[in-house]
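Here is the structure we will look at.
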Amino acid sequence: MQAIAQPSRGLAARPASKAGSKAVARPQRATLRVQAAQAASVRPPVVAATGGPSPSTSLNGSAPKITPSAAKPMDIVFISAEVAPWSKTGGLGDVVGSLPIAMAQRGHRVFTIAPRYDQYQDAWDTSVVINVLGEDVRFFHTVKKGVHRVWVDHPWFL
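In the numbering used here, the protein residues as written are 2 to 159.
In structure tokens, the structure reads:
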């Protein structure tokens, strides 16, 4: 990418607004998007070791799906009323069920917090109990596909 702007590369001259001021060349939005896409495609992909099939082939023989790892891993918490497949009534449950998994695959530490509507078989009791307005609230925990799922157990949720 060149540091000097050239009019032949999608730059538009800004008209002079006052007498004596100079016209300034600025890139058009479409050109900026193309340049950003080109810069993103130059970065080499980073593949995390998963112990699965080699990166050169996939199970069905097609090109492998490469998941780049995060340059700066973050701690991310999703708080939601539903998480698929445990509780789902609409699109929110789908998003909170799948997006954290994709982010964990990129190297982030991801948690979801949701109400415990049922007796989930895979959740274990953390033994943490707090009293809120005379009601005991318990917390359960599950780790699936690299995502920590925290369930808030309150009598109102059952």
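In this text, a Cβ means the ideal position worked out from N, Cα and C, and glycines have one as well.
Note that the coordinates shown come from a computational prediction; the quantities given were computed from them, not determined experimentally.
Residue i in three-state terms, based on DSSP
i	result
Lys73	coil
Ala115	strand
Asp95	helix
Per DSSP, the bridge partner or partners of residue i
i	result
Phe181	Only positions 2 to 159 of the chain appear in the structure, and residue 181 is not among them; the question remains open.
Ser173	Because the chain here runs from 2 to 159, residue 173 falls outside it and cannot be looked at.
Lys145	Val148
Asp137	Asn132
Arg110	Asp76
Cut-off 6 Å between Cβ atoms - residues of its own chain near residue i, not counting five sequence neighbours on either side
i	result
Pro16	With a pLDDT of only 48 at Pro16, under the threshold of 50, the placement of this residue in the model should not be trusted; the figure read from the coordinates follows. Cβ neighbours of Pro16 beyond the five flanking positions: none.
Lys146	Ile102
Residues near residue i by beta carbon distance below 7 Å, same chain, minus five either side
i	result
Val148	Pro101, Ile102, Ala105, Val111 and Thr113
Contact check, residue i vs residue j, beta carbons under 8 Å
i	j	result
His142	Val153	no
Asp123	Arg139	no
His109	Ala72	no
Same chain, Cβ closer than 8 Å to residue i, neighbours up to 5 away in sequence not counted
i	result
Gly52	Its pLDDT being 41, under 50, Gly52 is placed unreliably in this model, and the value from its coordinates should be taken loosely. Nothing listed; no residue qualifies.
beta-carbon residue i near the ligand MG non-hydrogen atom, thresh 7 Å
i	result
Lys146	The ligand MG is not part of the structure shown, which contains no ligands of any sort.
Quiz item: With contact counted as at least three CB pairs below 8 Å, one residue from each stretch, are the stretch 95–111 and the stretch 127–136 in contact?
Solution: Between the stretch 95–111 and the stretch 127–136, the count of C-beta pairs closer than 8 Å stays below three; the two stretches do not touch.
Quiz prompt | Inter-stretch contact (C-beta, 8 Å, three-pair minimum) for the stretch 108–124 and the stretch 82–90 | solution = Contact between the stretch 108–124 and the stretch 82–90 is present, because at least three Cβ pairs lie under 8 Å.
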